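J.: Numbering (the working numbering), first residue to last: 1310 to 1518.
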Amino acid sequence: MRCFFAFVLAWVVWVALPGPAWGYTPPPIQGAVNDRAGLLSAAERATLERRIAEHRSARGFEIVVFTVASLGGESIEDVAYGAFNGWKVGRAGKDDGVLLVVAPNERRTRIETGKGAGGAITDLQSKRILSERVGPRLKEGKAFEGLRDGVESIASLMSGGPLVPDGGAEPPPPATAEARSRCPLRRTPRRAISWTRRGASRRRSARGT
């Protein structure tokens, strides 16, 4: 009987302990651009990596791109959530990371944000980035241009500016500390949209169409 109670206690403690979610486990991170779907040439990947590094050096926030060869039966929500948290995207203590996920085989895209980015990128803006910047390029077979425009749009919003035109115009200088203080930090739900407009499931308070 004593052994039985010890087993039950151990099981309760194990269940209560924090740990990785029973869901998607991302592959090892490979820098700012993780092109697991093979959409980019070496030169395109290097260009995108360099541009993301410039944004991070100038403004501090972190952007990571993840193209998925296959969702493997997982939802885009779980893949984005697992990768964002598994890779710890964003600066420690600021949680200001943004993850752009593209699953070309399933024709799904998603933006995952930390709470420190929630005041800069609204649900509507996230949806527009995917539907107006990333999706149309992907439909044209221009993966690099779509990812580039997505990154530049994210960087512009994170810097206090508007969505940038296609082609990636230089974003404006970062907003002042006073201006940023007027934007309350909140946990922004994950957002998804299919570039075929099939719709995204609404779970974990995710926004999509």
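By construction, the Cβ of each residue, glycine as well, lies at the ideal position given by its N, Cα and C atoms. Please read all numbers here as calculations on a predicted model, not as lab measurements.
Counting pairs of beta carbons, one from the segment 1346-1363 and one from the segment 1386-1401, are three or more of them closer than 8 Å?
T.: No: the two stretches stay apart, fewer than three of their Cβ pairs being nearer than 8 Å.
J.: Residue range of the alpha helix (DSSP H) that residue 1385 falls in?
T.: From DSSP, the alpha helix (DSSP H) with residue 1385 extends over 1385-1396.
J.: Starting from residue 1375, trace the alpha helix (DSSP H) both ways and give me its first and last residue.
T.: Run containing residue 1375: none in the alpha helix (DSSP H); it sits in the beta strand (DSSP E), 1371-1376.
J.: Go through its chain and collect everything with a Cβ distance to residue 1489's Cβ below 6 Å, but skip five positions before and after it.
T.: In this prediction, residue 1489 scores a pLDDT of 35, lower than 50, which makes its location untrustworthy; the coordinate-derived value is nonetheless stated afterwards. Same-chain partners within the cutoff: there are none.
J.: How big is the Cα-Cα spacing for residue 1347 and residue 1333?
T.: So the two alpha carbons sit approximately 20 Å from each other.
J.: What distance in whole Å lies between the Cβ atoms of residue 1410 and residue 1419, which are believed to be in contact at a cut-off of 8 Å?
T.: Rounded, the Cβ-Cβ distance is 5 Å, consistent with contact.
J.: Compare the Cα-Cα distances from residue 1468 to each of 1413, 1358, 1371 and report the closest residue.
T.: Of the listed residues, the one whose Cα sits closest to residue 1468 is 1371.
J.: Rounded to whole angstroms, what is the Cα-Cα separation between residue 1405 and residue 1449?
T.: Going from the Cα of residue 1405 to the Cα of residue 1449 covers about 31 Å.
J.: Kindly identify the DSSP beta-bridge partner or partners of residue 1342.
T.: In DSSP, residue 1342 forms a bridge with 1374.
J.: Using a Cβ-Cβ cutoff of less than 6 Å, which residues in the same chain neighbour residue 1373 once the five nearest sequence positions on both sides are dropped?
T.: The answer, listed in chain order, is 1341, 1398, 1408.
J.: Short check: CB of residue 1458 to CB of residue 1442, under 9 Å?
T.: Yes.
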